[in-house]
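Structure first, commentary second.
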Amino acid sequence: MTKEQERARARRRHERQLKAIAQREADGARRNRVLAIIATVVAVLGALALLGTVFGSQDPDPSPSAAATTLAGCQPPPEILGTGAELDLPDAATAKGKTYVATIATNCGDIELTLDGEKAPQAVASFVQLAERDYWRSAPCHRLTTSPTLKVLQCGDPTGTGQGNPGYGFGVENAPADGSYPRGTVAMARTQDPEQGNGGQFFIVYGDSSLPDPNGYTVFGTVTAGLDIVDKIVAAGVGPGGSSPDDGFPAAPISILSVAVTEKKA
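The numbering of the sequence shown is numbering that gives the first Met the number 0, which starts it at 0 and goes up by one.
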């Protein structure tokens, strides 16, 4: 083999090595792009899973049914404002040991609650603050469940989507150890995070219910008047388009107009 042939052979070998290196780099870049896309999709799905305020894994229909009808004795619901808030979490000590009476004015009449600041001071302090800030003005009750074990009307999101919050979160307190929530119970709805998942949404239990969640849901009050209004909404059923026939936006719309809270003196 001549020197010229050796140089040509060495040149071809070097060119093959360069091509192999370039191919490996291209394969690595392509693999990194695919992994980045997968990571982005996983992150988005995870965020969506945490956004909705849920009981277990159920998700409400994000909008009222077009077929919703106003019941007798109810006014047409106000337009959903779709506003949120960026508030600071109030000090639980402001409600500790106190009892409050809350009157929720709705387009179907008033619902009266008694709030227990001794057993659930953080939830009650938050509820009082949100009432005073008019946070719930024109907020629809966006979710009704009518299953044999879960009978609740969920309210408290100004956006009506089930994803709104007041800009803060707090943990579970005063959750029933046995997962039982009797008729008339008022409890906090939350995300899947028991440490920071509570915000401004709450649910009214209109029939004895069981929520077998190991972390439970904060019970902070009871309905003392107006539960018949909830019963009337329940009788109209769940509107079409929900996550299931027994879980979605109420067929008969009910919205919070305002909430007034006063401390109950001994």
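We treat Cβ as the ideally placed atom computed from N, Cα and C, and that holds for glycine. The model shown is predicted, which means the values in this text are computed figures rather than measured ones.
The alpha-carbon of V222 is positioned some 6 Å away from that of T113. Per DSSP, S257 is one residue of the beta strand (DSSP E) stretching across 254-263.
In this structure G168 touches G198 by the C-beta definition: roughly 5 Å separates them, less than 8 Å. Collapsing the DSSP output to three states places T93 in a helix. By the C-beta density criterion, T68 is exposed, having fewer than 16 other C-beta atoms within 10 angstroms. Distance between P213 and D156, taken at the CA atoms: about 25 Å. The straight-line gap separating the alpha-carbon atoms of L149 and Q162 is approximately 20 Å. In the DSSP assignment, E131 falls within the unbroken alpha helix (DSSP H) covering 120-131. By the Cβ test, the segment 115-131 is not in contact with the segment 232-249, since fewer than three Cβ pairs between them sit closer than 8 Å. The beta carbon of T82 is closer than 8 Å to those of P157, T158 in its chain, skipping five residues each way along the sequence. DSSP places A71 in no alpha helix (DSSP H); its state is neither H nor E. Taking 8 Å as the cut-off, the Cβ atoms of I228 and C107 count as close.
Taking C-beta atoms under 8 Å as the contact rule, V258 and T217 fail to qualify, at a distance of about 18 Å. When the Cα atoms are used, R189 and C73 turn out to be separated by approximately 28 Å. In summary, A92 is exposed, with fewer than 16 beta-carbon neighbours lying within 10 Å of its beta-carbon over all protein chains present. Judged by their CB atoms, K95 and N173 are not nearer to each other than the 8 Å cut-off. Nearest neighbour of G183 by Cα position, chosen from E111, D245, L210, turns out to be E111.
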